[in-house]
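J.: Got a structure here, written out as structure tokens. Questions coming.
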């Protein structure tokens, strides 16, 4: 499935089963750069940040370069107190020793059950397996796919995107790998994403770029705002392509590519949302200000009744209107228009006189469509990608201890 | 089931099928006082208030006494623009004429599908049926139960509560009838409640009392804040008992009784939440201020992942902690304690050392239990009643056009 994904130079990958998850499911991944890479990151804003987030924040704040990223699924190392941080340090120490890297150049992420102590011994055993794998088949798509699989929790499939970009310095590649999150508000399933490039970029530029990109991608799916204890987006630039990007046009090309990778991963996350059968773009326009647009957009995108209606392929615009109405924004009901794709459903706050139920139903039957809400009260807008709420969502989350 | 419910004097009830709902389901209810009653009400804060809410607000603001309340299910008369208000007026006009009451003394509520024009002719035909019923069997429990049934939408059973109260002026009765609402955030299924008493109370006192009572009952289930287009609580005091309450102790007794009725109806609504199998009280204490307590309480009570864990009888305290963490309140993670009923699960932000999984699981298996979250950072607290999120919720809302 990912055979043709572009993979940036100077990175090796491995994914193994060490015993955190049942059966032979892969549960430990390594992303390894050939040299220390410039590192930027965006972390969860949850007030209970997990131990690996607390440790990662310190590393990123210190401006450390990162060379090795170890990610385990099956255990979040969250709500584990001081011991959790001690465990991260222990794992990082061993990982660094085995790979002959300074501890500061190793980065640890975790996802899985909250509140259980990190099984350090199990993970250290896994580190040995990973290092063994590095000798064999660690370059290329199959290895990357194993790593992508090892970070999954309730995801159905691994998420990998790669793009090639022409710059004045030559061709560079950006490769992204991510794991998803349940697609319902409030969401606490962890989102992890790793954006890798073989370009060389200055740290401050790279950090600012990542923040802008995250804001227009991972923060535009209906998971953020309700961040999990472990959410992390890490971006590494190792410079192995030899292309050092400083020109404005090159940096723009890099940012465009990074955004494309991040947006494609976001779409994959939404489509693979727990039990999801639809990916729906909610577009609020004509808002008096950006905050109002965002509030209304989130109210609609997170509405369980709207999301179950999507699942039922029911063009139930009343639920959309009701969500707009309780978003806590002063609006003028008699100005609001709503469309499903190009089908105008509501004009001036009431059913459009030309709207035919079958036209709305036809849109709702598509796997991807948009809901446009025009407030006609200003110039600001906001967009979110959301999914439907299904029986399978309930099954997954009633049974899965996350 | 409601044979023994206390019914206040001077009220008659009727419920008929007029054709708004399919088959022979009752869909039109009348609550009729023998004389004009002092009327207070609390309405939805949704920015798309339905036509009957717009009309009702004007009546209540004018201080009009109310004698007849007509409630239809099957159509919300919401997002129907100016025509919606014209339709309410037309129905009220005919209702008043038939009952020989001034139009101002009739009150109309609607619940059901949003955005469809109100089928006025169908309803007027129903009014005739109702008036016919008044002649027959309109006093007592069977009649009240028919009325309670006629206002249901996805409710499984009618909701009626009655209490008898001793006052210095004699015995008075408060009778309440309500229809429920889906039990998930964000909720747009309409909640309607009618609180009736045969006491006599001064309007200003009655209004203030109702607001306080609603704030401690219907606003404490996880539906408010996300109010539907039609939510209405109407309280009528007709004075037929001959007890005019002015003494402070009598008014306190009245308020206690009103609160009891409202809280019991609230519990019924939660228990009958769409597909609900659990009623769970979320208690946040030790908060630095009331707003913080409420924010955290709502984040937990509205969390789909927490609610699906309740359904799965999974003592998944990690999801609760995660919801506390994203509520947007500054907290000190290392002070937070969490208990399921009396079982301490989390102490100081991490798993309590004495906690045993089987003790938590035993609590979660109960149909009603509490989740206590102590922030240990102040004196304020907030409580909400919520339910679980089930397969049936999805089925109901994917299929039901509300």
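Protein chains in written order, with the working numbering: chain S, 25 to 426; chain W, 25 to 426. A virtual CB, placed ideally from N, CA and C, is assigned to each residue, including glycine. None of these values were measured; they are calculated from a predicted model.
(1) Ordered along the chain, which non-local residues of its own chain (more than five positions away) have a Cβ less than 7 Å from that of residue 41 of chain W?
(2) Going by the CB atoms, is the gap between residue 44 of chain W and residue 96 of chain W shorter than 8 Å?
(3) To the nearest angstrom, report how far apart residue 130 of chain S and residue 92 of chain S are at their CA atoms.
(4) Can you pull the chain W residues whose beta carbon is under 7 Å from the beta carbon of residue 251 of chain S, in chain order?
(5) In the DSSP assignment, the alpha helix (DSSP H) including residue 242 of chain S goes from what residue to what residue?
(6) List, in chain order, every chain W residue whose beta-carbon is nearer than 9 Å to that of residue 256 of chain S.
(7) Expressed to the nearest angstrom, what Euclidean distance is found between the alpha-carbon atoms of residue 138 of chain S and residue 358 of chain W?
(8) Scan the stretch 150-189 of chain W and note each continuous alpha helix (DSSP H) run of 4 residues or more that stays entirely inside, going in chain order.
(9) Which of helix, strand or coil does DSSP assign to residue 309 of chain W?
(10) Quick one: list the residues of chain S neighbouring residue 230 of chain W, beta-carbon separation under 9 Å, in chain order.
(11) Tell me the DSSP bridge mates of residue 69 of chain S?
(12) Have a look at S:101, S:140, S:236 and flag the residue whose alpha-carbon is nearest the alpha-carbon of residue 65 of chain S.
(13) Name the chain S residues that come within less than 7 Å of residue 346 of chain W, Cβ to Cβ?
(14) In whole angstroms, what is the alpha-carbon distance linking residue 270 of chain S and residue 191 of chain S?
(15) What is the DSSP secondary structure of residue 375 of chain W, counted as helix, strand or coil?
(16) Exposed or buried, which one is residue 287 of chain S when buried takes at least 16 other CB atoms within 10 Å?
(17) What does the alpha-carbon distance come out to for the pair residue 403 of chain W and residue 278 of chain W?
(18) Entirely within the stretch 32-119 of chain W and at least 3 residues each: give me those beta strand (DSSP E) ranges in chain order.
(19) Keeping to the same chain, check which residues put their C-beta closer than 7 Å to that of residue 181 of chain S; ignore five residues upstream and five downstream.
(20) Which of the three DSSP states, helix, strand or coil, is assigned to residue 294 of chain W?
(21) I want to see whether chain S comes within less than 8 Å of residue 76 of chain W, judged by CB atoms only; does it?
(22) Would you call the CB atoms of residue 215 of chain S and residue 179 of chain S closer than 8 Å?
(23) Pick out the complete alpha helix (DSSP H) segments inside the stretch 361-407 of chain W, 4 residues or longer, and give them in chain order.
(24) Counting along the chain, where does the beta strand (DSSP E) carrying residue 260 of chain W start and finish?
(25) Could you have a look at residue 26 of chain W and say whether DSSP puts it in helix, strand or coil?
(26) For residue 242 of chain W, would you say it is in contact with chain S, using Cβ-to-Cβ distances shorter than 8 Å as the test?
(27) By a C-beta neighbour count over all protein chains shown, 10 Å radius and 16 as the cutoff for buried, is residue 321 of chain W buried or exposed?
(28) Measure the alpha-carbon distance for residue 109 of chain W versus residue 368 of chain W and round it to whole angstroms.
(29) What is the C-beta distance between residue 395 of chain S and residue 304 of chain S, in whole angstroms, given that I count them as a contact (C-beta under 8 Å)?
(30) Please report whether the beta-carbon of residue 142 of chain S lies at a distance below 8 Å from any beta-carbon of chain W.
(31) Taking 8 Å as the threshold, find out whether the stretch 226-234 of chain S comes into contact with the stretch 144-159 of chain S through three or more Cβ pairs.
(32) Can you tell me whether residue 303 of chain W is helix, strand or coil according to DSSP?
(33) At what residues does the beta strand (DSSP E) containing residue 471 of chain S begin and finish?
(34) With 16 other CB atoms within 10 Å as the buried threshold, where does residue 389 of chain S fall?
(35) When you check each C-beta in the stretch 39-53 of chain W against every C-beta of chain S, which residues fall closer than 9 Å?
(36) Considering only the beta carbon of each residue, do residue 63 of chain S and residue 88 of chain S sit closer than 8 Å?
T.: From the atom records:
(1) 48, 49, 50, 51
(2) yes
(3) 5 Å
(4) 350
(5) Looking at the DSSP string, residue 242 of chain S is not in any alpha helix (DSSP H), and its letter there is neither H nor E.
(6) Those do not exist, as residue 256 of chain S stays about 15 Å from chain W at its closest Cβ, beyond 9 Å.
(7) 15 Å
(8) 165-174
(9) strand
(10) In chain order: nothing, as chain S lies at least about 27 Å away.
(11) The partner list for residue 69 of chain S (beta bridge, DSSP) is empty, contrary to what the question assumes.
(12) S:236
(13) 70, 72, 138, 212, 252, 253
(14) 10 Å
(15) strand
(16) buried
(17) 29 Å
(18) 35-40, 52-67, 90-99
(19) 296
(20) helix
(21) no
(22) no
(23) 381-388
(24) 256-261
(25) coil
(26) no
(27) buried
(28) 54 Å
(29) 6 Å
(30) no
(31) no
(32) strand
(33) Beyond the ends of chain S as shown, which are 25 and 426, falls residue 471 of chain S; an answer cannot be given.
(34) exposed
(35) none
(36) yes
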